[in-house]
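J.: Dropping a structure here in structure tokens format, bear with me for questions.
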Amino acid sequence: MIDLNLLRADPAAIKENCRRRGADDVDVDGIVVMDAEWRSLLTDVQELRARRNMLSKACKHDPDARDAVRSLKQEIADKEQCVSDLKRRLDDALAWMPNLLGDDVPDGHGDEDNVELRRCGDVLELEHALDHQAIGEHLGIIDTQRGAKVAQSGFYYWKGAGAQLASAMFFWTQQQLTQMGFTLFITPCAAKEETLFGTGYLPFFADQTYQLSGQDLALIGTSEQTLVGYHGGETLSHDALPLKYAAYSPCFRTEAGSYGKETRGIFRVHQFHKVEQIIFCDPDESDEHHRFCLDVEERLLQQLGIPYRVVNVCIGDLGAPGFKKYDVEAHFPGFGGYREVCSNTNLIDFQARRLGIRFSSADGRKGFVHTISATAVTDRVVCAILENGQQSDGSVVVPEVLRALTGFDRITPQDS
RNA sequence: GGAGAGGUGGCUGAGUGGUUUAAAGCAACGGUUUGCUAAACCGUCGUAGGGUUAAGGCUCUACCGGGGGUUCGAAUCCCCCCCUCUCCGCCA
123 MIDLNLLRAD
133 PAAIKENCRR
143 RGADDVDVDG
153 IVVMDAEWRS
163 LLTDVQELRA
173 RRNMLSKACK
183 HDPDARDAVR
193 SLKQEIADKE
203 QCVSDLKRRL
213 DDALAWMPNL
223 LGDDVPDGHG
233 DEDNVELRRC
243 GDVLELEHAL
253 DHQAIGEHLG
263 IIDTQRGAKV
273 AQSGFYYWKG
283 AGAQLASAMF
293 FWTQQQLTQM
303 GFTLFITPCA
313 AKEETLFGTG
323 YLPFFADQTY
333 QLSGQDLALI
343 GTSEQTLVGY
353 HGGETLSHDA
363 LPLKYAAYSP
373 CFRTEAGSYG
383 KETRGIFRVH
393 QFHKVEQIIF
403 CDPDESDEHH
413 RFCLDVEERL
423 LQQLGIPYRV
433 VNVCIGDLGA
443 PGFKKYDVEA
453 HFPGFGGYRE
463 VCSNTNLIDF
473 QARRLGIRFS
483 SADGRKGFVH
493 TISATAVTDR
503 VVCAILENGQ
513 QSDGSVVVPE
523 VLRALTGFDR
533 ITPQDS
């Protein structure tokens, strides 16, 4: 949700912002008109109520005033109806209004227009590199067929040493984040509409959501939803900021409309697992914390020995709630290129306004916090470990930092 | 799932139709007094929104879990829902 005062002060700027983001269906002029109309009607209603309140006080001693109030009642009720109808239309229109854009967000339509900022690590050169699906099948540690049998195509099993490797990586990451000052959570895996709306997943990504039938509940698409929603409606003490939260959770996405895209292996699936970083911070500091989260992502991949690149995500790939986003793309030798493993978004006050997450400081400063939402690791990173750790004999070397947790330093076919 | 008790400001807690303009206390903040700490005393002290103002401000409206209803008037009466607690049942 953008600041309505911005819209009132400079509608042309908001219009230009919508145009740049390709939000052609957002009728900025219409919203400005509705807003003005709503405020004027609201003023009317409030004046009528003031009159009614005065008259009804008089009723105690002057029974004649009752008739006057009675006739006012209908007028007030009618106008209140108009106000609430108009407000609903206004809110519906505003719900689709995308966030503002960071100054250095590149123009563009898709991931091909993202701007590479840097590369890090040595890319593995192999003549016949296998992709994670081939490796997983060969080692018997990824089972997509039974995933489809038991659930549906797009679900899968980690098995044996693969499940151990994935568990080790997720646990290690949670330990790393805890040491870096994050508070660890285990959150609900379902959330209500209000929470999904507040975090910006509704209405923009409605078709990605698994809705539980007959209930105001959906499976979470990310623990961002439950971690940011955690402070919904609260005023945070400025002294407590920044709040750094992390959680490991499953993430459910219908992936409607993405069939045929990146379908090989378990790169795009209905359920994956993620350790998430969330930061609530002072609005003046979100840029700094955004870069901090990126630094966390890079440090994790470096320690896992995975080469990667960082891109500045362009407008078309940013998503309506995002103000600015960095993606980290790991190099996948079997795939033969870089693929997204982490995304890191500064949402500024977009979620905080929708959810009502404010801060106040001892010196009287108050406002909406900024939120940062960033991946730490997902199953895709496990896939990257497989592809980057593959050996000519068909085995996979486990990153050194995980060996104490896996209990083995190499996965070979007989392990499974 | 069954039965019962509850939900009022940052917290505790009064309040059964109109001086409630939500008492009182605690906490917090400002001040006075004071060798220091403490105490005492005085004052301030909810949130959101609208209107107005150059601004400080002034003013109005709404809000006592949420929604609806009765009434000239609802924290208070009625209906529905949500949540919390206690007990019982079931259960990882």
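The opening residue of the first sequence carries number 123 in my numbering; numbering runs sequentially from there. Ideal Cβ positions, reconstructed from N, Cα and C, are used throughout, including at glycine.
To which residues of the same chain is serine 538 closer than 8 Å at the C-beta, ignoring the five residues directly before and after it?
T.: Your numbering for residue 538 matches position 416 in the first sequence. Confidence is the limiting factor: at serine 538 the pLDDT is only 45, short of 50, which leaves the residue's position unreliable and the question unanswerable from this model.
J.: Using three-state DSSP, classify arginine 143 as helix, strand or coil.
T.: The residue given as residue 143 occupies position 21 in the first sequence. Three-state result, arginine 143: coil.
J.: Where does the unbroken alpha helix (DSSP H) through leucine 128 begin, and where does it stop?
T.: Residue mapping note: residue 128 aligns to position 6 of the first sequence, counting from 1. Run containing leucine 128: 126-131, per the alpha helix (DSSP H) assignment.
J.: Glycine 322 and glycine 478: beta carbons closer than 9 Å?
T.: Here residue 322 refers to the residue found at position 200 of the first sequence. Here residue 478 refers to the residue found at position 356 of the first sequence. For glycine 322 and glycine 478, no; Cβs fall outside 9 Å.
J.: Return the first residue and the last residue of the beta strand (DSSP E) that lysine 447 is part of.
T.: Within the first sequence, residue 447 is the residue found at index 325, counting from 1. Start and end: 446-454.
J.: If you count every other CB in all the chains shown that lies within 10 Å of the CB of glutamine 255, and 16 or more means buried, which is it?
T.: By 1-based counting over the first sequence, the position of residue 255 is 133. Classification of glutamine 255: buried, given that the 10 Å Cβ count is 16 or more.
J.: Tell me whether the beta-carbon of glutamine 330 lies closer than 9 Å to the beta-carbon of alanine 251.
T.: As a first step, residue 330 is located in the first sequence; it is residue number 208 there, counting from the start. As a first step, residue 251 is located in the first sequence; it is residue number 129 there, counting from the start. Taking 9 Å as the Cβ cut-off, glutamine 330 and alanine 251 do not qualify as a contacting pair.
J.: Give the straight-line distance between the Cα atoms of valine 350 and cysteine 181, rounded to the nearest whole angstrom.
T.: Taking the first sequence and counting its residues from 1, one reaches residue 350 at position 228. Taking the first sequence and counting its residues from 1, one reaches residue 181 at position 59. Using only the alpha carbons, I get a separation of about 49 Å.
J.: Do you know whose CA, among Val499, Ala496, Gln424 and Pro325, lies nearest arginine 476's CA?
T.: Here residue 476 refers to the residue found at position 354 of the first sequence. For the residues Val499, Ala496, Gln424 and Pro325, the minimum Cα distance to arginine 476 belongs to Pro325.
J.: Going by alpha carbons, who is nearest to aspartate 417 out of Gly230, Phe327, Tyr370 and Cys242?
T.: Looking up residue 417 in the first sequence gives position 295. Of Gly230, Phe327, Tyr370 and Cys242, the residue nearest in Cα terms is Cys242.
J.: Do threonine 493 and serine 408 have their C-beta atoms closer together than 9 Å?
T.: Within the first sequence, numbered from 1, the residue matching residue 493 stands at position 371. Within the first sequence, numbered from 1, the residue matching residue 408 stands at position 286. Their beta carbons are under 9 Å apart, which means threonine 493 touches serine 408 by this criterion.
J.: Mind checking whether valine 520 and alanine 288 have CB atoms under 9 Å apart?
T.: If you number the first sequence from 1, residue 520 lands on position 398. If you number the first sequence from 1, residue 288 lands on position 166. No, these two residues do not count as a Cβ contact at 9 Å.
J.: Since valine 518 and glycine 511 should fall inside the 8 Å C-beta cutoff, what is the C-beta to C-beta distance between them, to a whole number of angstroms?
T.: In the first sequence, counting from the first residue as 1, residue 518 sits at position 396. In the first sequence, counting from the first residue as 1, residue 511 sits at position 389. Confirmed, about 4 Å.
J.: As a quick exercise: from Ser495, Ala368 and Ser483, pick the residue whose alpha carbon is nearest that of threonine 357.
T.: Taking the first residue of the first sequence as 1, we reach residue 357 at position 235. Nearest option by C-alpha distance: Ser483.
J.: So what's phenylalanine 327 in DSSP terms, helix, strand or just coil?
T.: Looking up residue 327 in the first sequence gives position 205. The answer is coil: DSSP assigns phenylalanine 327 none of H, G, I, E or B.
J.: Which residue wins for smallest C-alpha separation from arginine 161, given the options Leu212, Asp147 and Arg386?
T.: Numbered from its first residue, the first sequence carries residue 161 at position 39. It is Leu212 whose Cα lies nearest to the Cα of arginine 161.
J.: Histidine 412 and tyrosine 430 - do their beta-carbons sit closer together than 9 Å?
T.: Mapped onto the first sequence, residue 430 falls at position 308. Mapped onto the first sequence, residue 412 falls at position 290. Result no, Cβ atoms of tyrosine 430 and histidine 412 do not sit closer than 9 Å.
J.: Alpha carbon to alpha carbon, how far is histidine 392 from leucine 194? Give it in angstroms, no decimals.
T.: Residue 194 sits at position 72 when you count from the first residue of the first sequence. Residue 392 sits at position 270 when you count from the first residue of the first sequence. Leucine 194 and histidine 392: Cα-Cα distance of roughly 57 Å.
J.: Phenylalanine 307 and leucine 363: beta carbons closer than 9 Å?
T.: As a first step, residue 307 must be located in the first sequence, where it is residue number 185. As a first step, residue 363 must be located in the first sequence, where it is residue number 241. No; because the gap between Cβ atoms is not below 9 Å, this pair is not in contact.
J.: Which term fits asparagine 139, buried or exposed, when burial requires 16 or more other beta carbons within 10 angstroms of its beta carbon?
T.: As a working note, residue 139 is residue 17 in the first sequence. When all chains shown are included, asparagine 139 counts as buried.
J.: Write down every uninterrupted run of the alpha helix (DSSP H) in the segment 330-361 whose length is 4 residues or greater and which is fully enclosed by it, in chain order.
T.: The segment 330-361 contains these whole alpha helix (DSSP H) runs: 345-351.
J.: For lysine 195, which three-state DSSP category applies?
T.: For the purposes of this step, residue 195 is taken as residue 73 along the first sequence, with counting starting at 1. In this structure, lysine 195 counts as helix in the three-state DSSP scheme.
J.: Just to confirm my understanding: we take leucine 129, look at its own chain, exclude 5 residues before and 5 after, and list those with CB closer than 6 Å. What are they?
T.: One-based indexing of the first sequence puts residue 129 at position 7. For leucine 129, where only same-chain residues beyond five positions count, the Cβ hits under 6 Å are Ile136.
J.: Please classify glutamate 238: does DSSP put it in a helix, a strand, or coil?
T.: If you number the first sequence from 1, residue 238 lands on position 116. Looking at glutamate 238 - three-state DSSP - the assignment turns out to be strand.
J.: With DSSP as the reference, label glutamate 419 as helix, strand or coil.
T.: Here the question's residue 419 lines up with position 297 in the first sequence. Helix.
J.: Have a look at glutamate 419 and alanine 498 and give me their C-alpha separation to the nearest angstrom.
T.: For the purposes of this step, residue 419 is identified with residue 297 of the first sequence, where counting begins at 1. For the purposes of this step, residue 498 is identified with residue 376 of the first sequence, where counting begins at 1. Cα-Cα distance, rounded: 6 Å.
J.: Decide if the segment 367-378 is in contact with the segment 330-346; the criterion is three or more beta carbon pairs, one per stretch, under 8 Å apart.
T.: Verdict: yes, contact present.
J.: Considering just the uninterrupted stretch of the beta strand (DSSP E) at glutamine 255, what are its terminal residues?
T.: Here residue 255 is taken as the residue at index 133 of the first sequence, counted from 1. Premise fails: glutamine 255 lies in the alpha helix (DSSP H), 254-261, not in any beta strand (DSSP E).
J.: Based on the DSSP secondary-structure assignment, which residues constitute the bridge partners of tyrosine 278?
T.: Against the first sequence, residue 278 aligns to sequence position 156. According to DSSP, tyrosine 278 bridges with nothing at all.
J.: Whole angstroms is fine: what's the gap from proline 535's alpha carbon to glycine 276's?
T.: Position 413 of the first sequence holds residue 535. Position 154 of the first sequence holds residue 276. Going by the C-alpha atoms only, they are around 24 Å apart.
J.: For leucine 339 and lysine 314, which I take to be in contact (beta-carbon distance under 8 Å), what is that distance rounded to the nearest angstrom?
T.: As a position in the first sequence, residue 339 is number 217, starting the count at 1. As a position in the first sequence, residue 314 is number 192, starting the count at 1. Confirmed, Cβ separation roughly 6 Å.
J.: Would you mind sorting leucine 317 into buried or exposed? The rule is 16 or more other CB atoms within 10 Å of its CB.
T.: What you label residue 317 is simply residue 195 of the first sequence in a count that begins at 1. Leucine is not the amino acid found at residue 317; the sequence shown has threonine there. Threonine 317 comes out buried.
J.: Contact check, lysine 209 vs leucine 170 under 8 Å by CB: the rounded distance?
T.: Along the first sequence, one-based indexing puts residue 209 at 87. Along the first sequence, one-based indexing puts residue 170 at 48. No, lysine 209 and leucine 170 are not in contact; Cβ-Cβ is about 17 Å, not under 8 Å.
J.: So, for glycine 269: in the same chain, excluding its five sequence neighbours on each side, which residues have a beta-carbon less than 6 Å away from its beta-carbon?
T.: Locating residue 269 in the first sequence gives position 147, where the first residue counts as 1. Here the set comprises Phe277, Tyr278 and Tyr279.
J.: Taking the straight line between their C-alpha atoms, what separation do you get for glutamate 398 and threonine 467?
T.: Taking the first sequence and counting its residues from 1, the one referred to as residue 398 is at position 276. Taking the first sequence and counting its residues from 1, the one referred to as residue 467 is at position 345. Computed Cα separation, rounded: 12 Å.
J.: Would you call proline 220 buried or exposed, if buried means 16 or more other Cβ atoms sit within 10 Å of its Cβ?
T.: As a working note, residue 220 is residue 98 in the first sequence. Buried, by the Cβ-count rule.
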